[in-house]
Amino acid sequence: MQFILNGKKVNAQAHPMKRLLDVLREDLGLTGTKEGCGEGECGACTVLINGKAVCSCLIPFAQVKGTKIKTIEGIHHPLQEAFAREGGAQCGICTPGFIMSALTLPANVSLKQMQISLSGNLCRCTGYMGIYRAVKKGLSTAGKKKLLRRKISTARKRALKK
Amino acid sequence: MRTAISTLKLLEPNSLNQAFKIMESHPGITPMAGCTDLYVSLNFGTLRSTQFLNLWGLSDLKKIRIQGDLLSIGSLATYTQIIHSTPVKKWIPMLVQAAHSIGGMQIQNRGTIGGNIANGSPAGDTLPVLAAAEAVVILASSRGTRRVPFNSFYTGYRKTVMQQNELILSVEIPKLKGKQWFRKVGTRSAQAISKIVMAAVSRKNASGKNLRIGIGSVAPTVIRLYKTEEILAQTGDIAEAQKTLCSEIQPIDDLRSTAYYRKTVAANLLAEWWEKHLV
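Below, the structure is given as structure tokens:
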């Protein structure tokens, strides 16, 4: 069955009822996605399907046919460093899930928005304040980098025109 | 995962007609949509079914449409779709509130309104809304379609009027006039299964007040509080209405709450709604 995994076309074989979580971990060797509760409460297994955060423990493999999947292994984002620096990660089991959920938020995210959007991810170590700091910092750094890249590319275009 | 998946069979129709044919030839097959509830049972090894029908690809069932005075919400519309739908926000804001209160973002991205209806849990969070809004469920099989008023859809605990070969196509909700109210009480405000969930519509017109209340987690099915509605509309006596409410519901003690708590909170919610919207 074909789908796009972290930007690359993949053709994987597994039972159509196998959980996406197990296909990722066991068949494709991507163990960054963690299993927590196995019932959609904790968000440790969060991945993005077509840009939307979902619990990979509740997704039959058959339902990912033709989709674009992103897992923590496919991410290079300032959120990762921010989680390390701001005390957003302690034991680390919830961290990949939090980062995947946070990726769907805007650069200028508010505390309220974070609280609502990350309510599907549970952390038993940090007390969440480190996580909120990390998400805010990571997303704003990413936003600034994006803006800078845009500025550089328009400046380059202008220079080439002259 | 406590279920041996190698023993399970999944059938994948390309069209609705094909789905109906499979249902005729595989009696007892379990339809699956967003799997946010089904896969919980599968994971815990409590699911009896071994044959499944994957409906997720039937994109016709995902649409939310306006049809005259009605909103038609496809059974595969997700909670996220409902939350962002302009017509739902405009006409049935209490359904948007209910969708917001279900699970986290990950569940809202996959869970469907048709799944909530078919699953038939007395704690289903969109169900009191559908009861108070007097929605109609559209069922279909290879033999045709039929319309069932939501308030006669359930016959008992997780039992519905659906035949084995029928699927839910959509749910039709009239564009509501008057004030809407939704309140869910759970262990915490996010990610909880309700201990009490209540939705109400109130409209004042020339002949008096028209009140409709749907309530969940207090009986084997989600119910309408017909007697309480009548007493409130006629007398406006909130104490009497609270007493009637307590006789109309049959809550139980279970792992989430107690019958006493549920009765007390249900009566309090009725008073809250009455004071906020109707006095």
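Each protein sequence line maps, in turn, to chains A and B.
Residues in the first sequence are numbered consecutively from -2, following our numbering.
Residues in the second sequence are numbered consecutively from 8, following our numbering.
We put the beta carbon where it would ideally sit given N, CA and C, even for glycine.
Since the structure is predicted, the reported quantities are computational estimates derived from the model, not experimental observations.
Neighbourhood of residue i by C-beta distance below 8 Å, restricted to the same chain and skipping five residues each side
i      : result
A226/B : P129, I256, Q257, P258
A273/B : I203, M205, I222, V225, L252, C253, I256, P258
K142/A : P75
Chain C residues whose Cβ lies nearer than 8 Å to that of residue i
i     : result
S13/B : Absent from the structure: chain C. Protein chains present are A and B.
Proximal chain B residues relative to residue i, where beta-carbon distance stays under 7 Å
i     : result
A50/A : M112, Q113, N116
E38/A : Q198
S98/A : M112
Below-7 Å beta-carbon distance, residue i vs any chain B residue
i      : result
S114/A : yes
Q110/A : no
A59/A  : yes
T43/A  : yes
G117/A : yes
G35/A  : yes
Separation of residue j from residue i, as counted between CA atoms
i      : j       : result
F27/B  : S149/B  : 5 Å
I174/B : A142/B  : The displayed chain sequence assigns Leu, not Ile, to residue 174/B. When rounded, the distance between both Cα atoms is 17 Å.
T64/A  : N47/A   : 6 Å
D261/B : L2/A    : 43 Å
K283/B : I36/B   : 46 Å
E281/B : I222/B  : The amino acid occupying residue 281/B in the given sequence is Trp; Glu does not appear at that position. Each residue's alpha carbon lies about 15 Å from the other.
L119/A : C91/A   : 7 Å
K148/A : H74/A   : 19 Å
G52/B  : E32/A   : 17 Å
N8/A   : Q(-1)/A : 5 Å
L65/B  : A40/B   : 10 Å
N212/B : I220/B  : 17 Å
F189/B : S13/B   : 43 Å
K62/A  : K6/A    : 11 Å
L45/B  : L157/A  : 58 Å
N123/B : T151/A  : 49 Å
Proximal residues to residue i (C-beta, below 6 Å), its chain only, five neighbours per side dropped
i      : result
N50/B  : M8
K96/B  : V103
L218/B : S209, E236, L239, A240
A106/B : Y86, I89, I90
N172/B : M30, E31, S148
M111/A : Y129, V132
T265/B : none
Below-7 Å beta-carbon distance, residue i vs any chain A residue
i      : result
V208/B : no
Y267/B : no
V47/B  : yes
L68/B  : no
L17/B  : yes
Under 9 Å by beta carbon: chain A residues contacting residue i
i     : result
C42/B : L55, I56, P57, Q60
V61/B : The sequence given here has Asn at residue 61/B, not Val. Residues of chain A passing the Cβ test: P13, P57, A59, Q60.
Integer Cβ distance of residue i from residue j, believed to fall under 8 Å
i      : j      : result
V229/B : P135/B : 6 Å
V204/B : K191/B : 5 Å
A147/B : L176/B : 5 Å
A59/A  : E279/B : Incorrect: roughly 45 Å between the Cβ atoms, too far for contact.
G162/A : M112/B : The first residue shown for chain A is -2 and the last is 159, placing residue 162/A beyond what the model contains.
N116/B : V51/A  : 5 Å
L76/A  : L136/A : 7 Å
G127/B : R165/B : 4 Å
Proximal residues of chain B, C-beta to C-beta of residue i below 8 Å
i     : result
D19/A : M8
R16/A : M8, Y46, N50
L29/A : Before going on, a small fix: residue 29/A reads as Gly here, not Leu. Chain B residues near G29/A: none, gap ~17 Å exceeds 8 Å.
7 Å CB neighbourhood of residue i in its chain, flanking five on each side removed
i      : result
L27/A  : L21, T68, E70
F160/B : V144, T167, V168
L232/B : I220, I222, L252, E255
P93/A  : G29, T30, K31, I69
C42/A  : L18, T30, K31, E32, G33, C52, S53, C54, G94
I73/B  : P94
P13/A  : P57, F58, A59
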